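*Asks:*
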Amino acid sequence: MIYIKTKKEIDYIRESCKITAEALQLLKRYVKVGITTKELDHIAEEYIKSNNAVAAFKGYSQGGPSIDYPAAICASVDDEVVHGIPGNRVLKNGEIISLDVGVKKNGYFGDAALSVAVGEISKEKQRLMDVTEKSLYIGIEQAVVDNKVHDISYAVQEYVEANGFSIVRDLCGHGVGKYLHEEPSIPNFGKKGSGPKLKNGMTIAIEPMVNMGKYNVKTNYDGWTVLTIDGLPSAHFEHTILVSNGKPEILTVC
Ligand code: MF3
Ligand code: CO
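Count the sequence shown with the numbering used here and you get residues 1479 to 1732, in order.
(1) Just grab the DSSP bridge partners of Lys1677 for me.
(2) How far does the alpha helix (DSSP H) with Met1607 in it extend, from its first residue to its last?
(3) State the Cα-Cα distance for the pair Ile1728 and Gln1503, rounded to the nearest angstrom.
(4) Going along the chain, which residues of its own chain have a beta-carbon closer than 6 Å to the beta-carbon of Asp1589, five neighbours each way excluded?
(5) Give me the DSSP bridge partner(s) of Lys1626.
(6) With a threshold of 16 other CB atoms inside 10 Å of the CB of Met1479, please say whether the residue is buried or exposed.
(7) Give the straight-line distance between the Cα atoms of Lys1516 and Asn1566, rounded to the nearest whole angstrom.
(8) Would the C-beta of Glu1474 count as close to the ligand CO, meaning under 7 Å from any of its heavy atoms?
(9) When you compare the CB of Ala1522 with every CB in chain C, is at least one pair closer than 8 Å?
(10) Identify whether Val1731 lies in helix, strand or coil by the three-state DSSP scheme.
(11) Quick check: Ile1521 and Tyr1508, are their CB atoms within less than 8 Å of each other?
(12) Considering only residues of the stretch 1648 to 1706, which uninterrupted beta strand (DSSP E) runs meet the minimum length of 3 residues and lie entirely inside it, listed in chain order?
(13) Tell me the rounded alpha-carbon separation between Ile1707 and Lys1485.
(14) DSSP state of Lys1536, grouped into three classes?
(15) Work out the CA separation of Glu1493 and Met1687 for me, nearest whole Å.
(16) Which same chain residues, not among the five before or five after Val1638, have their C-beta less than 8 Å away from its C-beta?
(17) Mapping DSSP to helix, strand and coil, what is Leu1504?
Below is the structure:
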């Protein structure tokens, strides 16, 4: 079921999204050669708590045999696509890191992600991040009333592939707000004019994951970290969006 949010629910989601965006901007300033992903996790969690909110990913269960997600953020470096578990990994010059944050406050959720350079990175890695971010905005533009969900998917895929990169197929965006993951699923590839209709009051997370090489991914032995099959880098950008007055409004801004 796709939830259409009430005005009051939207106010709560807006608040969680603002904290999400602020946490990401804070993290971005801390990304430097020598910092560990665990330190970044700590910074984000403290910031979220100081806003009387909860880190939404912590304790999240994906069902099946893997452990509940043990951290506040996902920190995915280079060939790690998403769901990298923060730990003792020290960031090195030339790496790119994708940071994903989820916040719950008053029972409502916000979800966003971005990729950032560690020190000096190659031109191709910079282009990977730029294309991924732009593909998110191209997808968001399609989130208008009377369009369908796969109009977003198609637009993202088209742009990414035209730029010579590949779009991950095994993971999707999603409805968000009352729960971290709600219907509809929002793939980053698909056929124009298909999928559920977009309506005012829908809140959705659009999140292209773009690989420099092949689109295939695998899950690590930890049960969470998603890696590219070919070991080439991947980037990830995500916003929570509200469809309002027929148009998309980005909620994960500060
Ligand atoms: N933004 C990611 C997603 O929507 C983060 C989920 S991490 C998890 O899947 F631990 F909560 F699963
Ligand atoms: Co998400």
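Here a beta-carbon is modelled for each residue, glycine too, at the ideal position from N, C-alpha and C. All values derive from a computational prediction rather than experimental measurement.
*Replies:* With the structure as the only source:
(1) Reading the sequence shown from its first residue, position 199 is the one you call residue 1677. Beta-bridge analysis with DSSP links Lys1677 to no other residue.
(2) Your numbering for residue 1607 matches position 129 in the sequence shown. Here the alpha helix (DSSP H) through Met1607 covers Lys1601 to Glu1619.
(3) Looking up residue 1728 in the sequence shown gives position 250. Looking up residue 1503 in the sequence shown gives position 25. CA-CA distance, Ile1728 to Gln1503, rounds to 15 Å.
(4) Taking the first residue of the sequence shown as position 1, residue 1589 is located at position 111. The beta carbon of Asp1589 is closer than 6 Å to those of Gly1580, Val1654, Ala1683 and Thr1718 in its chain, skipping five residues each way along the sequence.
(5) To locate residue 1626, count along the sequence shown from 1; it is residue 148. Looking at the DSSP output, Lys1626 sits in a beta bridge with Lys1675.
(6) The residue you call residue 1479 lines up with position 1 of the sequence shown. Residue environment for Met1479: exposed (fewer than 16 other C-beta atoms within 10 angstroms of its C-beta).
(7) Residue mapping note: residue 1516 aligns to position 38 of the sequence shown, counting from 1. Residue mapping note: residue 1566 aligns to position 88 of the sequence shown, counting from 1. Computed Cα separation, rounded: 6 Å.
(8) Nothing about residue 1474 can be reported from this structure: the residues present for the chain run from 1479 to 1732 only.
(9) Looking at the structure shown, chain C is missing, and only one protein chain is on hand.
(10) On the sequence shown, position 253 is the one that residue 1731 refers to. Val1731: coil per DSSP, three-state reduction.
(11) Mapped onto the sequence shown, residue 1521 falls at position 43. Mapped onto the sequence shown, residue 1508 falls at position 30. Yes, the pair counts as a contact, with Cβ atoms nearer than the cut-off.
(12) For secondary structure counted as the beta strand (DSSP E) over 3 or more consecutive residues, the stretch 1648 to 1706 holds these complete runs in sequence order: 1651 to 1653, 1660 to 1664, 1681 to 1684, 1687 to 1689, 1695 to 1697 and 1704 to 1706.
(13) On the sequence shown, position 229 is the one that residue 1707 refers to. On the sequence shown, position 7 is the one that residue 1485 refers to. Each residue's CA atom was taken as its position, placing Ile1707 and Lys1485 some 43 Å apart.
(14) Position 58 of the sequence shown, counting from 1, holds the residue named residue 1536. Lys1536 carries a coil assignment under DSSP once its states are collapsed to helix, strand and coil.
(15) For the purposes of this step, residue 1687 is identified with residue 209 of the sequence shown, where counting begins at 1. For the purposes of this step, residue 1493 is identified with residue 15 of the sequence shown, where counting begins at 1. C-alpha separation (whole angstroms): 25 Å.
(16) To locate residue 1638, count along the sequence shown from 1; it is residue 160. Taken in chain order, the residues that qualify are Val1609, Thr1610, Ser1613, Ser1644, Ile1645, Asn1666, Pro1686 and Val1688.
(17) Position 26 of the sequence shown, counting from 1, holds the residue named residue 1504. In this structure, Leu1504 counts as helix in the three-state DSSP scheme.
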